[in-house]
Ligand SMILES: NC(=O)c1ccc[n+]([C@@H]2O[C@H](COP(=O)([O-])OP(=O)(O)OC[C@H]3O[C@@H](n4cnc5c(N)ncnc54)[C@H](O)[C@@H]3O)[C@@H](O)[C@H]2O)c1
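In my numbering, the protein residues as written are 304 to 713.
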């Protein structure tokens with residue numbers, strides 16, 4: 304099998320989340336890693352002895368053996384690293400948010416097009432199978448027209464260990480930048496992509512964390528289809544509790560969350576040490592994401608997504624999708640065989656591989672990512688200016704996306 308040779312820039316928590324997915328893919332060869340922390344590079348080398356390590360992103364991009372890069376560096380570096388990689392002739396997958404401004408996103412798109420490389424805006428929950436299955440059910444027309452989309456999340460995102468840049472909204476910190484893309488991308492995928500406007504408010508009410516930990520947004524598609532998204536990351540109530548099997552599948556228990564809050568208030572929390580524990584080779588690396596990568600779905604960071612059609616409501620079930628229709632509730636399984644949820648995290652790499660090796664279209668290209676970023680930025684603008692923001696950079700999802708995926712329950 305033709306292998307695609309990948310290098311990772313920024314081997315942090317987000318990077319650690321994708322490495323197990325790469326490990327399971329015969330089509331991917333991880334050939335290099337770049338990070339500014341030597342300990343991280345040493346641990347990466349320990350796990351991948353064949354891979355080259357670099358203290359600079361530029362050196363990794365200059366490595367002729369690297370064909371594509373996975374960029375999971377801090378948000379403020381997404382644009383410079385993506386442009387650097389494209390200029391070196393590498394294909395790019397960039398973590399969410401794609402960038403921190405529309406100007407940066409436009410430059411990334413331009414760099415990819417000029418260098419004739421693929422730029423994939425990736426790693427949002429819109430790529431997971433149940434969401435893609437919901438899109439297929441909607442498109443089948445079996446339950447009539449799509450009438451409403453609602454996605455609500457209650458997470459403990461604000462209590463997890465954070466670096467200084469993550470606590471600075473000007474560097475892409477906070478719930479709107481970091482969590483908005485998951486829900487926006489999903490709304491756009493299910494609703495076809497073409498949003499018209501957004502009205503939102505953000506919230507910030509924990510003085511130890513000077514970034515927004517909340518947003519609520521109302522969006523309307525060109526067609527008139529309404530959508531709401533909400534994320535509360537303060538971790539008092541956890542959405543995982545909303546499913547009977549979710550109580551013990553959270554990043555932190557309620558007791559741990561209370562202890563973290565107390566330590567933050569007292570100024571005694573070792574945030575740097577805790578963050579390092581969940582990065583590659585850290586003592587909690589494996590266990591940390593247990594709750595969010597279980598085979599059994601729980602409303603983790605993205606929360607509950609409910610699509611309402613003329614004759615059904617669709618939402619995620621433990622292993623697939625509940626279809627609440629006229630005949631009652633059906634549970635259509637999709638992924639029980641997926642032991643760790645890891646398989647679902649391969650989607651971006653599969654899409655990139657198919658584009659590079661088989662010449663297939665890249666569905667989540669730079670323009671798609673820029674459209675999601677536009678909504679994310681518009682939410683924050685709407686909150687500041689207290690008005691509806693009209694959108695100008697939206698792109699549709701191609702109707703052929705997932706053409707080979709069977710429609711669940713058909
Ligand atoms: N999609 C997801 O589910 C998900 C989950 C977690 C994080 N992320 C994304 O990953 C990115 C990083 O967040 P994180 O939580 O992993 O933070 P992190 O601090 O753990 O990771 C960032 C890594 O980049 C390294 N780095 C910093 N500057 C660099 C540079 N100039 N060149 C190379 N490496 C550099 C850091 O040393 C660190 O190892 C963010 O964009 C975030 O949105 C995505």
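For every residue, glycine included, the Cβ atom is placed at its ideal position computed from N, Cα and C.
Opposing strand residues paired with residue 553 [DSSP bridges]: DSSP lists no partner for residue 553.
Contact test: residue 323 Cβ vs ligand 1 heavy atom, cutoff 6 angstroms: no
Closest residue to residue 704 among 649, 435, 393 and 619 (Cα-Cα distance): Closest by alpha carbon: 435.
Closest residue to residue 375 among 310, 366 and 329 (Cα-Cα distance): Out of 310, 366 and 329, 310 has the C-alpha closest to the C-alpha of residue 375.
Status (buried if at least 16 other CB within 10 Å, exposed otherwise) for residue 677: buried
Cut-off 6 angstroms between Cβ atoms - residues of its own chain near residue 620, not counting five sequence neighbours on either side: 634
Where residue 535 falls: helix, strand or coil (DSSP): Note: residue 535 maps to strand in three-state DSSP.
Proximity below 7 angstroms, CB of residue 401 to CB of residue 415: No, the Cβ-Cβ distance between residue 401 and residue 415 is not below 7 angstroms.
The beta strand (DSSP E) enclosing residue 373, as first and last residue numbers: 371-374
DSSP bridge partner residues for residue 519 (one or two, in chain order): Residue 519 pairs with 504 and 533.
The region 539-546 in contact with the region 598-611 per 3-pair CB rule at 8 angstroms: yes
Reduced DSSP category for residue 575 - H, G, I as helix; E, B as strand; rest coil: helix
Euclidean distance between Cα positions of residue 665 and residue 396: 11 angstroms
Local conformation of residue 453 per DSSP, three classes: strand
Reduced DSSP secondary structure (H/G/I, E/B, other) of residue 318: helix
Residue ranges of each beta strand (DSSP E) within the region 421-473, 3 or longer: Those beta strand (DSSP E) runs which fall completely within the region 421-473 and span 3+ residues are 422-424 and 449-457.
DSSP three-state assignment for residue 394, whether helix, strand or coil: Residue 394 falls in the strand class under three-state DSSP.
For residue 685, the three-state DSSP class (helix, strand or coil): helix
Straight-line gap, residue 707 to residue 429 (C-alpha atoms, nearest Å): 17 angstroms
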